[in-house]
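S.K.: To start, I am sharing the structure in question, which I have written as structure tokens.
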Amino acid sequence: MSSQPSITSLSFEQHPTGFGIGESQPRLSWRFTTNEQTCQNWEQTAYDIELSHHSSSTPETHHVKSSNSVLVPWPSQPLKSRDIARARVRAYGGPDSTPTEWSDWSTVECGLLHRKNWNARAITSSVKQSEGPLRPIRFRKTFTLPFAKVQQARLYITSLGVFQAYINGVPVGDHCMAPGWTSYLHRLNYEVLDVSSLLHENEPNTIAVEVAEGWYATRLGFHGGRRFIYGDEMALIAQLEMKSEDGDQFTVPSDSTWKSYHSAIVSSEIYDGEVYNALDEQDGWSSHSSALEATWKATREVDFPSAELVAPNAPPVRVTEVVKPIQIITTPSGKTIVDFGQNLVGRIRIPRLAVARGENVILTHAEVLENEELGTRPLRVAKCSDKIISAGDEIDWAPRFSFHGFRFVQVEGWNPDLNIIVAEVMHTDLARTGWFNCSHPMINKLHQNATWSMRGNFLSIPTDCPQRDERLGWTGDIQVFGPSASFLYNTSGMLGDWLKDLSAEQLKNPKAIPPFVIPNVIPEEAWPCFPQAIWDDVTVLLPWTLYQNYGDVEILRKQYPSMVGWLDRGVQRGPDRLWDDTLFQLGDWLDPTAPPDQPGNARTDGTLVADAYLVHVTKVLAEISSIIGEAVNASRYETEHQSLKLRFQTKYVTPEGWLVGDTQTALSLALVFDLLNNPKQAAAAGARLARLVGKSKFQVSTGFAGTPVITHALTKSGYPQLAYRMLQEKSCPSWMYPITMGATTIWERWDSMLPDGSINPGEMTSFNHYALGSIINWLHKTVAGVSPLEPGWRHILIQPVPGGTVTSAEAIYETSYGRLECRWEVGQGGEFRLEVIVPPNSKAKIILPTGAGEKEDVKWIGSGKYSFTKTFDCQAGWPPKALVPPMFEAEDSFV
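Mind the numbering: the sequence shown is residues 1 to 895 in full-length UniProt numbering, read in order.
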């Protein structure tokens, strides 16, 4: 049995496949797998990369003495547009520094790296539509190949709007809502699709594309939103390039020779849904048809977009799961509602829909029921409704260019059949990397709900909610949820792309103030652009999160102008260099005591929250500056950090360690951001936080700012049992309360649904927001006990902290080096057992739980499988009774 690991995957940059990549010198990464019993303490000492260029018959081999296996430099000459290369790698390591087997070959292919590579024109319908919603347009072009055998065919395609392409009637790819939503005035994604197998030889071929308005021209924003933010005409840009076995080339670009016609889809909008008129359908429109060639209209060339055309690193949006309904409900008013049992984001598919000619089928989507009827009030003015006008034939129907957030669908005009109707789950098809499980079913449900909320809100961009007239890329939400998201899924490509849009939108502002949403669609009159802590701090903290998880220093370099711009020009400071306290701050947004119509009315002063964040962000930027070699700035920001920290202490902290805010959020931020002066102050602040948690009867008393950090603060201060007790509380407000009410996703408000089953009366109420689900970062880091000890997870910290009624927990995380596994359980007699699998080329620091008065138990291990056993009182301090009102001590609803 080999003592060497195997290399299981070779990848390029942060790209999901390497096909159509936008980099000329893509960095390479490889992951290992091994038999844990025979490959202990394996570390790489060198590697070989073998490259085979498409244009050369002679492979080149590069030997590098290095322990790096993640994002290593491209070893050869830069690739050019359309270039194809194959690579494989082997690594040396172990006691004899012997090589592994070669990995399988992986292929990388460049997209169009330069604007000059595009000879396609932007085309639209010959007749401009006067008002919205715009009816989708269908385009087609028939051609005959000038050679017999096609060796390779690539379709480079994008649109002003969203598109679906066909070759000879066959859909190209499995992407949805392509090319996705970007800051269209700055960056426009294009897709690269392999269509080699779809072309016909010795007969006509037809390329056809349907384009809908998508995010480009639809109504976006709350309070009715605005239409035509980016433009008032949809357009197609397509370039079909074919190559013969003899090297001959043939290109079919979009231009005025293409034909167009209106779609059978009457309208397709993000908020309002899709209307499909089967009476207008032209069968075979996407295939060769001489009859259609005669009836279709000319196209019109429009200005080519000025935005940069980019090959995204993010995977496309796809249908990732099919959910079957669990029941059909007849409401008191006689309506028919299909219940899918899970709040999700996607679309309905009815593969065999048949009603009489001219009849209408209407599907209205919502997340909850209220008074046993469909609860549509939280949708505000979004219709979230699809309509099918039947031609009398049975059809396979699903909306093509819209999506909804829903669990319940009200059906009119058709009797739904549980065996026919399904829900297709849609989101950016990120690779799953992290899993968590424990012995407590409700905690597992909480983690599952947060995962579903991430899936629903990672559709092209990270959004706040997926259902109402909003669905925007709010910066504060992803800032607080970023660490959790980047454990669950590989977010490096998607969030890295989104941060490029953030920079583009931010840096066009003279003061480098980021908009609240990216891409920015909110007009100044609706929500003026003014500086804000937490939200705008995403400029620094989200790249830092990505660096911590993926070890990619380039993300810090690329975003550095954005970071420096924000701290140097964007922050509105007072005389003491902290925040100007005359500026309104959103602060601890959605504090549970905030009235329904005043979500920013929190117990914790907004300026205190902002100042705490400013001190922390300044410290982080000092570290970032040092990492990327910006020594002058590193010194400047570190000096600024020390000065701001001292001013924060003078302004807010008593000599004994209490905070003038005296709230759970204020104390938690001070503890987690290390804002206190000495251990004595920290101990006093921790004790005060514990007292406030007890006084609140373990109910949540924090909003956006405090919720991500309070359990970390309690654990850091020596009160992990209080953190567990908070987590397991069921009364409102708490993390478990929504689960008792049937929640299958994370709610926007702690009480989005009231105990009587009615919906919160505030107009801002969503049942699918991930921000308050940021508690799961604590589940990963503290309950399961895994976190990166250094950026990229090469050195791992394993430090589980048992507590509460949880008797076992596990986490699995696909690091950049291989799979990390950590499992623990508490047996009878207090025996704690820990099993760990560390991937090759990695190390782990193990800190076993200790009892009162015990010295910290630390061990360092290399790769392999390990077991540890220790006996101590895991339930010491449980249930926590100190500082709790006597009438509450016997409460056992959490068990």
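Beta carbons are placed, not taken as given, at the ideal position from N, Cα and C, and that holds for glycine.
Please classify THR182 as buried or exposed, where buried requires at least 16 other C-beta atoms within 10 Å of its C-beta.
M.R.: It counts as buried.
S.K.: For LEU430, tell me which candidate among THR17, ILE167 and ASP756 has the shortest Cα-Cα distance.
M.R.: THR17
S.K.: Measuring CB to CB, does GLN40 end up less than 8 Å from SER863?
M.R.: yes
S.K.: Nearest to VAL108 by CA position, among LEU542, ARG82 and VAL480, is which residue?
M.R.: ARG82
S.K.: Considering only residues of the same chain and omitting the five flanking positions on each side of MET741, which have a CB-CB separation below 7 Å?
M.R.: Excluding residues within five positions, the ones whose Cβ falls inside 7 Å are MET753.
S.K.: How about residue 922 and ARG347: are their beta carbons less than 8 Å apart?
M.R.: Outside the shown range of the chain, which is 1 to 895, sits residue 922, and nothing can be said about it.
S.K.: Reducing DSSP to helix, strand and coil, say where MET234 ends up.
M.R.: Coil at MET234, not helix or strand.
S.K.: With DSSP as the reference, please indicate the residues paired to ASN437 in a beta bridge.
M.R.: GLU810
S.K.: Could you tell me if LYS645 is buried or exposed, where buried requires 16 or more neighbouring beta carbons within 10 angstroms of its beta carbon?
M.R.: buried
S.K.: Give me, in chain order, the residues of the same chain whose beta-carbon lies closer than 7 Å to that of ASP174; leave out the 5 immediate sequence neighbours on both sides.
M.R.: ARG318
S.K.: How would you label ARG352, buried or exposed, when you count the other beta carbons within 10 angstroms and need 16 or more for buried?
M.R.: exposed
S.K.: Could you say which of PRO879, ALA811 and VAL801 lies nearest to ASP857 if we only look at CA atoms?
M.R.: VAL801
S.K.: Please list, in chain order, all residues of the same chain as SER402 whose beta carbon is under 6 Å from its beta carbon, the five residues on each side excluded.
M.R.: So the qualifying residues of the chain are SER268, GLY273 and GLU274.
S.K.: Evaluate the contact criterion for the region 566-581 versus the region 509-526: three or more CB pairs, one atom per stretch, below 8 Å.
M.R.: yes
S.K.: Between the Cα of THR218 and the Cα atoms of ILE229, GLU210, VAL211 and VAL209, which residue gives the shortest distance?
M.R.: ILE229
S.K.: Going by other Cβ atoms of all chains shown within 10 Å of its Cβ, with 16 needed for buried, is GLU412 buried or exposed?
M.R.: exposed
S.K.: By the three-class DSSP mapping on this structure, what secondary structure does THR711 have?
M.R.: helix
S.K.: Secondary structure at VAL275, three-state DSSP: helix, strand or coil?
M.R.: Three-state DSSP puts VAL275 in a strand.
S.K.: Which same chain residues, not among the five before or five after ALA784, have their C-beta less than 7 Å away from its C-beta?
M.R.: PHE436, PRO800, ALA809, GLU810, ALA811 and CYS822
S.K.: Three Cβ pairs or more, each shorter than 8 Å: is that satisfied between the region 164-178 and the region 191-201?
M.R.: In this structure the region 164-178 lies against the region 191-201, because at least three pairs of beta carbons, one per stretch, are closer than 8 Å.
S.K.: Would DSSP call ARG468 helix, strand or coil?
M.R.: coil
S.K.: By the DSSP assignment, the beta strand (DSSP E) with LYS141 in it spans what residues?
M.R.: 137-143
S.K.: Assuming HIS15 contacts ASN490 under a Cβ cut-off of 8 Å, what Cβ separation, rounded to an integer in Å, is found between them?
M.R.: With a Cβ gap of about 11 Å, HIS15 and ASN490 do not count as contacting.
S.K.: Take PHE872 and list the residues in its own chain whose beta-carbon comes closer than 8 Å to its own, dropping the five residues that flank it on each side.
M.R.: GLY830, PHE832, PRO849, THR850, GLY851 and GLU854
S.K.: What does the alpha-carbon distance come out to for the pair PRO171 and TYR276?
M.R.: So the alpha carbons of these two residues sit roughly 19 Å apart.
S.K.: Taking the Cβ atom as the reference point for each residue, do ARG31 and PRO73 lie within a distance shorter than 8 Å?
M.R.: no
S.K.: When the Cα of PRO59 is compared with those of GLU43, THR100, VAL632 and ARG86, which residue comes out closest?
M.R.: The candidate whose alpha carbon is nearest that of PRO59 is ARG86.
S.K.: Helix, strand or coil, according to DSSP, for TYR719 in the structure here?
M.R.: Note: TYR719 maps to coil in three-state DSSP.
S.K.: Would DSSP call PRO5 helix, strand or coil?
M.R.: coil
S.K.: Would you tell me roughly how many angstroms separate the C-alpha atoms of PRO596 and MET726, rounded to the nearest one?
M.R.: 23 Å
S.K.: For GLY456, tell me which candidate among PHE139, SER816, THR745 and VAL252 has the shortest Cα-Cα distance.
M.R.: THR745
S.K.: I believe PRO839 touches THR815 by the beta-carbon criterion, under 8 Å. Please report the beta-carbon distance rounded to the nearest angstrom.
M.R.: With a Cβ gap of about 6 Å, PRO839 and THR815 count as contacting.
S.K.: Quick test of your reading: ARG154 and VAL192, contact by CB under 8 Å. State the CB separation rounded to the nearest angstrom.
M.R.: Confirmed, Cβ separation roughly 6 Å.
S.K.: With distance defined between alpha-carbon atoms, name the residue in GLY818, ILE837 and TYR866 nearest to LEU10.
M.R.: GLY818
S.K.: Between the alpha carbons of TRP878 and LEU834, how many angstroms are there, rounded?
M.R.: In a straight line, the C-alpha of TRP878 is about 21 Å away from that of LEU834.
S.K.: Pull the bridge partners of ARG82 from the DSSP assignment, please.
M.R.: Its beta-bridge partners do not exist; DSSP assigns none.
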